[in-house]
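Student: First to last, the sequence lines map onto chains Z and V. For the first sequence, position 215 (counting from the first letter as 1) is numbered 215 according to this note's numbering, and the numbering increases by one without interruption. Count along the second sequence from 1, then add 332; that gives the number in this note's numbering. Starting off with a structure, shown below.
Protein chains: 2
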Amino acid sequence: MKKLINAVDDVVKDSLFGVEAAHSDIVAVDHDNNVVYRIDAPVANKVGIISGGGSGHEPLHGGFVGLGMLDAACAGEIFTSPVPDQMFAADKLVDGGRGVLHIVKNYTGDVMNFDMAAEMAAAEGIRVESVVVDDDVAVQDSLYTAGRRGVGLTVLLEKIVGAAAEEGKDLDYVADLAKRVIANGRSMGMALSGCTVPAAGKPSFELADDEIEVGIGIHGEPGRERRQIGTAAEIAQMLVRPILDDLDYRGSEVIAFVNGMGATPLIELYIMYNEVAKILQAEGVRVVRNLVGNYITSLDMAGCSVTLLRADDEMLHLWDAPVVTAGLRWGK
Amino acid sequence: MKKLINAVDDVVKDSLFGVEAAHSDIVAVDHDNNVVYRIDAPVANKVGIISGGGSGHEPLHGGFVGLGMLDAACAGEIFTSPVPDQMFAADKLVDGGRGVLHIVKNYTGDVMNFDMAAEMAAAEGIRVESVVVDDDVAVQDSLYTAGRRGVGLTVLLEKIVGAAAEEGKDLDYVADLAKRVIANGRSMGMALSGCTVPAAGKPSFELADDEIEVGIGIHGEPGRERRQIGTAAEIAQMLVRPILDDLDYRGSEVIAFVNGMGATPLIELYIMYNEVAKILQAEGVRVVRNLVGNYITSLDMAGCSVTLLRADDEMLHLWDAPVVTAGLRWGK
Chain Z
1 MKKLINAVDD VVKDSLFGVE AAHSDIVAVD HDNNVVYRID APVANKVGII SGGGSGHEPL
61 HGGFVGLGML DAACAGEIFT SPVPDQMFAA DKLVDGGRGV LHIVKNYTGD VMNFDMAAEM
121 AAAEGIRVES VVVDDDVAVQ DSLYTAGRRG VGLTVLLEKI VGAAAEEGKD LDYVADLAKR
181 VIANGRSMGM ALSGCTVPAA GKPSFELADD EIEVGIGIHG EPGRERRQIG TAAEIAQMLV
241 RPILDDLDYR GSEVIAFVNG MGATPLIELY IMYNEVAKIL QAEGVRVVRN LVGNYITSLD
301 MAGCSVTLLR ADDEMLHLWD APVVTAGLRW GK
Chain V
333 MKKLINAVDD VVKDSLFGVE AAHSDIVAVD HDNNVVYRID APVANKVGII SGGGSGHEPL
393 HGGFVGLGML DAACAGEIFT SPVPDQMFAA DKLVDGGRGV LHIVKNYTGD VMNFDMAAEM
453 AAAEGIRVES VVVDDDVAVQ DSLYTAGRRG VGLTVLLEKI VGAAAEEGKD LDYVADLAKR
513 VIANGRSMGM ALSGCTVPAA GKPSFELADD EIEVGIGIHG EPGRERRQIG TAAEIAQMLV
573 RPILDDLDYR GSEVIAFVNG MGATPLIELY IMYNEVAKIL QAEGVRVVRN LVGNYITSLD
633 MAGCSVTLLR ADDEMLHLWD APVVTAGLRW GK
């Protein structure tokens, strides 16, 4: 294993010091709890939006803290849920008097720990609502989940819901909006390589020189099947077809998101975007916004995922709203 | 070789179709010449800023086309200079009547071809000035250069000079500013792995499991030395010391840029940024702006580089000016 780290046990801590050093105009870090939060938190009379999960998916979630997106993000160890104390600390940091929304990716540990934190917050008089993202169509249950995994849609959800909170919407409204986004979003991913968790020291799995894993999760957990690698056009079909089979996007306006898993060069992601866009056009799906890049990663995994979100006018308005974070900057 | 591509010969073309499909609100693409240009080019009464070079370094340069940065970028084949016809086509697309600045990274082919394009443009009555970026302190001459290579500083230069042109500065002013940026910027990079050019089909070089290449260029060309991997803190020293030995930044205000080579996860880049910031603080170098991420890459190479730019008040003002591009969004 070759990585730019000091020690296996210091990876998350050290990187949070780096985030703080680089982005002190946007965020601060509670190093006791590994919570990244807006420097102006709590924002009075604004619903607080928090998320979090295992580290190793950067810029998700810490890179999405800032005006118009998250108020705080809780960083667990690599691919490991944060503990309830971290989330509770975040709740207290961001509650501006109108309650807090927890955005939870559907992994057993995350769901359980965010639930526990919500109870702790309630006991202190902080109202919490929770939503669980489960957009991955690849597998019904998986190594770490009951039900579908939460993946790429999380990025789009955090942007849209964050903008609504910034505009002053109340907690019920924001939670309902989040559920609407979740109901209308689907994702599917693939890998060209495994990823190496520092503490493990070796790749999560090995693929042959001509092999890919289709339906991969964001922790190197197994997908649907291993197949021989195809062209970008063929791989785009492997990702987009299962999404369209799961939810009929024909005739809809969508935000299309091609995400890199961490080690895939941008030039390849644009080739994939081109193929995805061609399929969608042929199917009568109207792409009205898009995002291409490494936004929810799996350490040094090579590969990509596709996310589609059927977006109504309100979601598009919120997608276009200002955002000032380290990981996602303003611009359509 | 496993890559998300259709065919080796179509990599650049296909990716440019993807860029156009994703960012038609910002750029258009001249597919005959592989030139990415601002949709509003030529901008009347504005100096045109163009750059270009071999592909494989994305988001550089095409991702930096847009308001406040480049007017056009010429994409060569992977790691291969564009030809003069491409640059001349770009000159004609962007000249708004006040001339064009060529930003050239110091590689023999690029320098020669941009020179030839400048002559072609002059013959058509387009005034062209050129600047050559040569910020890499690693080696004096190299496989592809007479003199130092142009690397990370190019990103900072394109932002600053692009903002000056947007503010209406004339060609002489913008060219002088560019030379001032070049005089005050230095870089040094390292690799944990080689990169694989699609047409070659195998990594540019192989490193042992505990080995790194220090002073690497952005094409997998050799650096200063191969060494055993160290901690992030040790690697930061290997990169920052040669920069400080080359130019005395003590007491200066700088923009500090930690760049990923393409396959290195963001979490590791933030660990590196933290170590770089600590060294600079100890040396009395004042970091007043920073940039952390994959901005000038080398396909799927793992590794990073550090760039420092001694920035005066004008440069900082221009760094903070609005920018609307696919690869670099506005925000300090």
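In this text, a Cβ means the ideal position worked out from N, Cα and C, and glycines have one as well.
Nearest-angstrom Cα distance between Ala311 of chain Z and Val132 of chain Z?
Tutor: So the two alpha carbons sit approximately 19 Å from each other.
Student: Distance, Cα to Cα, Lys664 of chain V vs Leu489 of chain V?
Tutor: Because the pLDDT of Lys664 of chain V is 43, which lies under 50, any placement of that residue in the model is unreliable, and the number read from its coordinates should be weighed accordingly. One C-alpha to the other measures close to 15 Å.
Student: Name the two residues that bound the continuous alpha helix (DSSP H) containing Ile611 of chain V.
Tutor: Here the alpha helix (DSSP H) through Ile611 of chain V covers Leu598 to Ala614.
Student: How many whole angstroms separate the CB atoms of Gly591 of chain V and Thr657 of chain V, which I take to be in contact at a CB cut-off of 8 Å?
Tutor: The amino acid occupying residue 591 of chain V in the given sequence is Asn; Gly does not appear at that position. Contact doesn't hold; Cβ gap of about 16 Å is too wide.
Student: Can you pull the chain Z neighbours of Ser536 of chain V, defined as C-beta to C-beta under 9 Å?
Tutor: Simply none; closest approach about 14 Å.
Student: Buried or exposed, going by whether 16 or more other CB atoms sit within 10 Å of the CB of Arg148 of chain Z?
Tutor: Flag for Arg148 of chain Z reads buried.
Student: Cα separation between Ile628 of chain V and Ala44 of chain Z?
Tutor: The straight-line gap from Cα to Cα measures roughly 40 Å.
Student: For Val146 of chain Z, count neighbouring Cβ atoms within 10 angstroms of its own Cβ and tell me buried if that reaches 16, exposed if not.
Tutor: The sequence shown places Ala at residue 146 of chain Z, rather than the Val named in the question. Exposed is the call here.
Student: Applying the 10 Å Cβ sphere with the 16-neighbour rule, what's the burial state of Ala313 of chain V?
Tutor: With chain V running from 333 to 664 in the structure shown, residue 313 of chain V is simply not present.
Student: Provide the residue span of the alpha helix (DSSP H) that contains Phe114 of chain Z, from first to last.
Tutor: Start and end: Thr108 to Ala123.
Student: Please name the residue in V:Ala339, V:Phe446 and V:Gly441 whose C-alpha comes closest to that of Ala382 of chain V.
Tutor: Sequence check: residue 382 of chain V is Ile here, not Ala. Closest by alpha carbon: V:Phe446.
Student: For Lys437 of chain V, which of helix, strand or coil comes out of DSSP?
Tutor: It is a strand residue.
Student: How about the segment 511–520 of chain V and the segment 528–538 of chain V: do they share at least three Cβ pairs that are nearer than 8 Å?
Tutor: No, they do not touch.
Student: In whole angstroms, what is the alpha-carbon distance linking Tyr476 of chain V and Ile548 of chain V?
Tutor: Each residue's Cα considered, the two are about 13 Å apart.
Student: Could you check if Arg582 of chain V is buried or exposed, using at least 16 other CB atoms within 10 Å of its CB as the buried criterion?
Tutor: That one is exposed.
Student: Determine the chain V residues that contact Ile218 of chain Z at a beta-carbon separation under 7 Å, and present them in chain order.
Tutor: None at all; the shortest Cβ gap to chain V is about 12 Å.
Student: Under the three-state reduction of DSSP, which class applies to Asp209 of chain Z: helix, strand or coil?
Tutor: Coil at Asp209 of chain Z, not helix or strand.
Student: I'd like to check one pair, Arg430 of chain V with Lys378 of chain V: are the Cβ atoms closer than 8 Å?
Tutor: Yes, the Cβ-Cβ distance between Lys378 of chain V and Arg430 of chain V is below 8 Å.
Student: For Ile492 of chain V, decide whether its Cβ has a neighbour in chain A, counting only Cβ atoms nearer than 8 Å.
Tutor: The structure shown has no chain A; the protein chains it does contain are Z and V.
Student: Cβ of Phe411 of chain V less than 8 Å from any chain Z Cβ?
Tutor: Judged by the 8 Å Cβ criterion, Phe411 of chain V is not in contact with chain Z.
Student: Opposite Gln228 of chain Z in the DSSP bridges: which residues?
Tutor: Answer is Z:Glu211, bridged to Gln228 of chain Z.
Student: Check whether the segment 413–431 of chain V and the segment 447–455 of chain V touch, using three or more Cβ-Cβ pairs below 8 Å as the test.
Tutor: The segment 413–431 of chain V is in contact with the segment 447–455 of chain V.
Student: Taking 8 Å as the cut-off, does the segment 358–371 of chain V touch the segment 274–285 of chain Z (at least 3 CB pairs, one atom from each stretch)?
Tutor: The segment 274–285 of chain Z vs the segment 358–371 of chain V: no contact.
Student: Does Thr639 of chain V get closer than 8 Å to chain Z when you measure Cβ to Cβ?
Tutor: Thr639 of chain V does not count as touching chain Z.
Student: Identify whether Asp362 of chain V lies in helix, strand or coil by the three-state DSSP scheme.
Tutor: Looking at Asp362 of chain V - three-state DSSP - the assignment turns out to be strand.
Student: Less than 8 Å between the beta carbons of Ala73 of chain Z and His61 of chain Z, yes or no?
Tutor: In contact: Ala73 of chain Z and His61 of chain Z (Cβ atoms closer than 8 Å).
Student: Which parts of the segment 370–423 of chain V are runs of the beta strand (DSSP E), unbroken and 3 residues or longer, counting only runs that do not cross its ends?
Tutor: Counting whole runs of 3 or more residues, the segment 370–423 of chain V contains the beta strand (DSSP E) stretches 380–387 and 404–410.
Student: On the premise that Gly521 of chain V lies in contact with Gly635 of chain V, defined as a C-beta separation below 8 Å, what is that separation, rounded to the nearest angstrom?
Tutor: The pair is a contact, with the Cβ atoms about 7 Å apart (cut-off 8 Å).
Student: Using a cut-off of 9 Å between C-beta atoms, extract the partners of Lys378 of chain V located in chain Z.
Tutor: Ordered by position in chain Z, no residue passes the 9 Å Cβ test against Lys378 of chain V, which lies about 21 Å from the chain.
Student: Do Leu601 of chain V and Cys527 of chain V have their beta-carbon atoms positioned less than 8 Å apart in this structure?
Tutor: For Cys527 of chain V and Leu601 of chain V, no; Cβs fall outside 8 Å.
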